[in-house]
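Numbering (the working numbering), first residue to last: 147 to 530.
Positions of the beta carbon are idealized from the N, C-alpha and C atoms, including for glycine.
Model, not experiment: these values are computed from the prediction.
The structure under discussion appears below in the form of structure tokens.
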């Protein structure tokens, strides 16, 4: 991050140094004699020229484009740009700089310099002004001044200044767009990395040898007693493994697939828990074509069965899913039974899920986690 900011700062600094040097080079090219660069730097018109375009560049890149273009407020953005171009039209930054510099560096020709040069009047000469005489010095409009003129001179259009304005605005739009694209790419890459981490964590936590062995042992016990649940249990385990290895590769899956995985997982967990544990699983609402980020609810359901079950105490596990047309409400609650060193894994899993929700549903989710009266309660609302 620091290296990226340093690179950006260096590029901007180099670009503006080149921009600040262009007027000095241009003024030297337009004079018979080399322009005094120090004099140009002290000219208020030089800083009016430079600061005008620097201000408009960053105003457009940092505020106008993010607030108007990216939010599709094109009409308001167009009005503001026209207003800024009007400011350039009236300020005339390039023409003021050029005229001031030309006059300041104009000197009387040495051929007419002397004690009698002041008495020469071009109007009294029979053949008009001398070829070397600069009539601009007699016109009060061209008298050099150090005061910035903010009033537009009628009949004069600073075409070069307007052209530079168009270039500066175009470059600032390009810079803002590239920065937006880079930020979006970073968010997407981070979200994909966290998704992959969530999938791997789920595989390690759920589809691990311990889980498989327990489930297979339970299925084996059912097969010995010729239970009708044997084939169903095998199918549920197969569905879970297929879901977490194949379907969750997408950014979003159907809500029905996610709920089917939750149902199968709860049914398999029922095979290993005793009669002291009561499970209340409530599903309400109509499932249509809603889509959701995969495995975003499984972390909380995993914690319910990992930390809310005791072999020596009665306990109740509550899981609710309320499905609305534009919103999903998830609720789970269990008694807290500490599991020693494994308690840290619960915090890590929830922390990862929080980060994933921030990236997948920015501004479209609400997560509340409470640990009151020995109960661990989670309430999550997601807007599709």
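For the pair of segments examined, the stretch 467-487 was found not to touch the stretch 409-419: the number of CB pairs separated by less than 8 angstroms stays below three.
Of the other Cβ atoms in all chains shown, 16 or more fall within 10 Å of the Cβ of residue 240; this residue is therefore buried. The beta carbon of residue 500 lies closer than 8 angstroms to those of 513 in the same chain, with the five residues before and after it left out. With respect to the C-alpha of residue 456, the residue from 443, 482, 471 having the closest C-alpha is 482. Going by beta carbons, residue 435 and residue 318 fall outside the 8 angstroms limit. Counting along the chain, residue 409 sits inside the alpha helix (DSSP H) bounded by residues 401-416. Residue range 423-431 is occupied by the beta strand (DSSP E) that includes residue 426, with no alpha helix (DSSP H) assigned at that position. For the pair residue 385 and residue 410, the CB atoms are nearer than the 8 angstroms cut-off. The criterion of a C-beta distance shorter than 8 angstroms is satisfied by residue 476 and residue 443.
Scanning its chain for C-beta atoms nearer than 7 angstroms, with the 5 sequence neighbours on each side dropped, one finds around residue 200 the residues 162, in chain order.
Segment contact: the stretch 398-407 against the stretch 424-438, three or more CB-CB distances shorter than 8 angstroms; contact assigned.
The beta carbon of residue 525 sits closer than 6 angstroms to the beta carbons of 477, 514 from its chain, once the five residues preceding and following it are set aside; these are given in chain order. Between residue 153 and residue 159, the alpha-carbon positions lie close to 10 angstroms from each other. When beta bridges are read from the DSSP output, residue 479 appears opposite 464, 523. Contact check for residue 223 against residue 234 fails: the beta carbons are separated by 8 angstroms or more. Taken through DSSP and simplified to helix, strand or coil, residue 397 comes out as coil. Under a 10 Å Cβ-count criterion, residue 169 is classified as buried, with 16 or more other Cβ atoms of the shown protein chains found around its own Cβ. With respect to the 8 angstroms criterion, residue 480 and residue 461 are classified as neighbours on the basis of their beta carbons. In its chain, beyond the 5 residues on either side, 239 have a beta carbon closer than 6 angstroms to the beta carbon of residue 198. C-alpha of residue 157 to C-alpha of residue 218: approximately 29 angstroms in a straight line. When the beta-carbon positions are compared, residue 473 and residue 529 come within less than 8 angstroms of each other.
Check the Cα spacing between residue 387 and each of 244, 408, 203, 243: the tightest is with 408. Counting every other CB atom within 10 Å of its CB across the protein chains shown gives residue 192 a total of 16 or more, marking it as buried.
Pairing residue 450 with residue 433 gives a Cβ-Cβ distance that is not under 8 angstroms. With distances taken between CA atoms, residue 427 lies nearest to 447 out of 447, 418, 311. A direct Cα-Cα distance of roughly 13 angstroms separates residue 366 from residue 383. Secondary structure note for residue 443: it is in no alpha helix (DSSP H), with a DSSP letter that is neither H nor E. The alpha-carbon separation between residue 321 and residue 508 amounts to approximately 25 angstroms. Rounded to whole angstroms, the gap between the alpha carbons of residue 359 and residue 340 is 28 angstroms.
Sequence-distant Cβ neighbours of residue 431 in its own chain, meaning closer than 7 angstroms and more than five residues away, are 468, 469, 470.
Around the beta carbon of residue 209, fewer than 16 other beta carbons lie within 10 angstroms, which makes this residue exposed. In the three-state reduction of the DSSP assignment, residue 392 falls in the coil class. Judged by DSSP in its simplified three-state form, residue 158 adopts helix. The three-state reading of DSSP puts residue 459 in coil, since its state is none of H, G, I, E or B.
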